[in-house]
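All remarks here apply to the structure that follows.
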Amino acid sequence: MNSLLSVENLSVEFKSGGRTAYAVNDVSLRLEAGENLGIVGESGSGKSTLAHAVMRLLPDSAAVTGGRILFDGRDLTAMPERELRALCGQELSMIFQDPMQCLDPSFSVGSQLTETLRAHEKITRAEARTRAAKMLRAVGLEDAEKVMRQYPFALSGGMQQRVMIAMALLTGPRLLIADEPTTALDVTVQDQILHLLKELTRQTGLSVLFITHSFGVVAEVCDRVAVLYGGRVAEYGTVRQLFANAAHPYTQGLLAAVPSMESDREQPLSAIDGTPVSVFAQAEGCPFAARCPRAEERCRRERPALHEVEPDHFAACHAAKAPALAERTGEDHG
Numbered sequence: 003m004n005s006l007l008s009v010e011n012l013s014v015e016f017k018s019g020g021r022t023a024y025a026v027n028d029v030s031l032r033l034e035a036g037e038n039l040g041i042v043g044e045s046g047s048g049k050s051t052l053a054h055a056v057m058r059l060l061p062d063s064a065a066v067t068g069g070r071i072l073f074d075g076r077d078l079t080a081m082p083e084r085e086l087r088a089l090c091g092q093e094l095s096m097i098f099q100d101p102m103q104c105l106d107p108s109f110s111v112g113s114q115l116t117e118t119l120r121a122h123e124k125i126t127r128a129e130a131r132t133r134a135a136k137m138l139r140a141v142g143l144e145d146a147e148k149v150m151r152q153y154p155f156a157l158s159g160g161m162q163q164r165v166m167i168a169m170a171l172l173t174g175p176r177l178l179i180a181d182e183p184t185t186a187l188d189v190t191v192q193d194q195i196l197h198l199l200k201e202l203t204r205q206t207g208l209s210v211l212f213i214t215h216s217f218g219v220v221a222e223v224c225d226r227v228a229v230l231y232g233g234r235v236a237e238y239g240t241v242r243q244l245f246a247n248a249a250h251p252y253t254q255g256l257l258a259a260v261p262s263m264e265s266d267r268e269q270p271l272s273a274i275d276g277t278p279v280s281v282f283a284q285a286e287g288c289p290f291a292a293r294c295p296r297a298e299e300r301c302r303r304e305r306p307a308l309h310e311v312e313p314d315h316f317a318a319c320h321a322a323k324a325p326a327l328a329e330r331t332g333e334d335h336g
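Residue numbers are given in my numbering: position 306 of the sequence shown equals residue 308, and the series is strictly consecutive.
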């Protein structure tokens, strides 16, 4: 049985100033129907590039140089443009980081929503307006008719993001890609948006690929998570597995940097030493070795393969072991 989304050995490169940037390197992931998958990592880890590759929205300077992306068994990387356009409007949809970069300020919210719907379905303008208003109310904008008459710049950031979510869900997609949709919002509005997405997925069976730099967001809305570093998958498993038994030192460092109510306010927040690996270079060994407190000579010479440390839990680290084995040998989950 096919996964809803299957990314197989995907590589994406950018050409910039005569140099090559290796943004995504041999990434493999899967997303099942009705599941939420979080993609986590520092800036420059390849999260957004991966999302744009799925939607075939990469700029002209970028190219998929290896692998493929399957949606319900159909290869998106080889699909004709016309077929892809229809698929992305109906079965695939995306919420971008900044709604004001996507909403046209010269058209009212209502006209943008209705035209989006009519572009994919043969319905009247009145029918489209009725469905658009219903969707706006579903995403928490109760005075839908007023919002429909307004222009995007007249709305708050939280309202703009809700309009973007309504637009993304209007045609009833099976997969929603959310590319850091709460980054520019204050904490209260962010919590409302996350709760909204969680409720919508529960009610409709929608699957979400959630791009974020926050493990707090992952814990709130995701079932499984993939941690990217240097364009590669460092660790991959259920949210419960990664929070309880993180196997990769990078994942452990990210989790240690998350503040909690029990954190000692007198102690500085934990941070990962060093800077992220350059996308213009491909290290011979582990890309995280230069920042890893447990790196050995082997780590600098041999790139670790992504291997299973427990059922459905994978890590690309030479020292990563299954929790039970580590307990028996008295070793850390490096």
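We treat Cβ as the ideally placed atom computed from N, Cα and C, and that holds for glycine.
Values in this document were obtained by computation on a predicted structure and should not be read as measured data.
DSSP lists R70 as the beta-bridge partner residues of E10. A322 is not a Cβ neighbour of A246, given a cutoff of 8 Å. Here D181 is not near G239, since their CB atoms are 8 Å or more apart.
Ranking L172, Y252, A285 and A228 by CA distance to the CA of R242 puts A228 first. Of the residues F290, L271 and Q284, the one whose Cα lies closest to the Cα of T277 is F290. Annotated three-state conformation of D225 is coil, per DSSP.
Rounded to whole angstroms, the separation of the alpha carbons of P154 and V260 is 34 Å.
Separation of V149 and T67 (C-alpha to C-alpha, rounded to the nearest whole angstrom) is 43 Å. Relative to the Cα of R303, the nearest Cα in the group L187, V29 and A292 belongs to A292. Per DSSP, the beta-bridge partners of K17 are T22.
Here the stretch 38-47 makes contact with the stretch 215-232; the two share three or more CB pairs at distances below 8 Å. Taking the CA atoms as reference points, M161 sits about 34 Å from S272. In the three-state scheme derived from DSSP, where H, G and I count as helix and E and B as strand, R242 is classed as helix.
Counting the other Cβ atoms within 10 Å of the Cβ of P101 gives 16 or more, which makes it buried.
Taking C-beta separations shorter than 8 Å and ignoring five residues to either side along the sequence, the partners of R127 in its chain run T116 and R120, following chain order. Look at H250 here: in three-state DSSP terms it is coil, with no helix or strand label.
At least 8 Å separates the beta-carbon of V141 from that of T184. Three or more pairs of CB atoms, one per stretch, sit closer than 8 Å, so the stretch 64-80 contacts the stretch 12-19. When DSSP states are grouped into helix, strand and coil, E310 belongs to the strand group.
Annotated three-state conformation of I125 is coil, per DSSP. Of the candidates S63, F73 and H320, the residue whose Cα lies closest to the Cα of S209 is F73. Secondary structure note for V42: its beta strand (DSSP E) is the uninterrupted segment N38 to V42. In the DSSP annotation of this structure, the continuous segment of the alpha helix (DSSP H) that includes V189 starts and ends at V189 to T206.
In this structure, the alpha-carbon of P107 lies about 19 Å from that of R131.
For S30, the secondary structure class from DSSP, reduced to helix, strand or coil, is strand.
Annotation: V191 to I97 spans about 16 Å, alpha carbon to alpha carbon. Apart from sequence neighbours up to five positions away, the residues of its chain that approach L196 with a beta-carbon distance below 6 Å are E222 and V223, ordered along the chain.
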